[in-house]
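For reference, the structure is listed below as structure tokens.
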Amino acid sequence: ILPASGTPVGAYLNIENIINVAKENGIDAIHPGYGFLSESAEFAQACKDAKITFIGPSVENLQMFGDKTKARELAISAGVSVVPGTSTPLTTSE
């Protein structure tokens with residue numbers, strides 16, 4: 583169903599085409615499976631914008647937990663034990 587995009591992975595990750603195919607076929611919900619799209623705030627937002635239910639975390643949760651520094655800060659603020667590490671993002675490899 584998806585247009586040729588060079589590779590199967592390319593078709594899987596082509597958010598615009600997935601949304602277009604869903605709309606053309608009257609799809610009202612998408613489960614992204616496991617992997618890249620299941621963790622994509624961009625894909626969840628595209629579904630939301632197209633009024634297609636994204637079966638997975640909310641856009642806000644994906645944005646929060648996709649940023650490991652924000653996720654760590656949230657865990658700490660909620661009293662969750664975290665592995666010792668830096669409290670700010672690293673800017674160099676040293």
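Every position in the sequence shown, counted from 1, becomes a number in the working numbering once 582 is added. No residue lacks a Cβ here, since even glycine has one placed at the ideal position from N, Cα and C. All figures in this text were calculated on a predicted structure; none of them were measured in a lab.
Between which two residues does the alpha helix (DSSP H) containing A626 stretch?
Along the sequence shown, read from residue 1 onward, the residue named residue 626 stands at position 44. For A626, the enclosing alpha helix (DSSP H) stretches over residues A623 to D631.
Do you know offhand how far T674's Cα is from I634's?
In the sequence shown, residue 674 corresponds to position 92, counting from 1. In the sequence shown, residue 634 corresponds to position 52, counting from 1. The alpha-carbon separation between T674 and I634 amounts to approximately 41 Å.
Tell me the DSSP secondary structure of A611 in three-state form.
Within the sequence shown, residue 611 is the residue found at index 29, counting from 1. A611 falls in the strand class under three-state DSSP.
Going by C-alpha to C-alpha distance, which of K650, G667 and P614 sits closest to I637?
As a working mapping, residue 637 is identified with position 55 in the sequence shown. Considering only alpha carbons, the answer is P614.
Put T673 into one of helix, strand or coil per three-state DSSP.
Numbered from 1 along the sequence shown, position 91 holds the residue referred to as residue 673. Coil, per DSSP.
Where T635 falls: helix, strand or coil (DSSP):
Residue mapping note: residue 635 aligns to position 53 of the sequence shown, counting from 1. Three-state result, T635: strand.
Shortest alpha-carbon distance to C629 belongs to which of E676, K652, M646 and E598?
In the sequence shown, the residue the question calls residue 629 occupies position 47. Comparing alpha-carbon positions, the option among E676, K652, M646 and E598 lying closest to C629 turns out to be E598.
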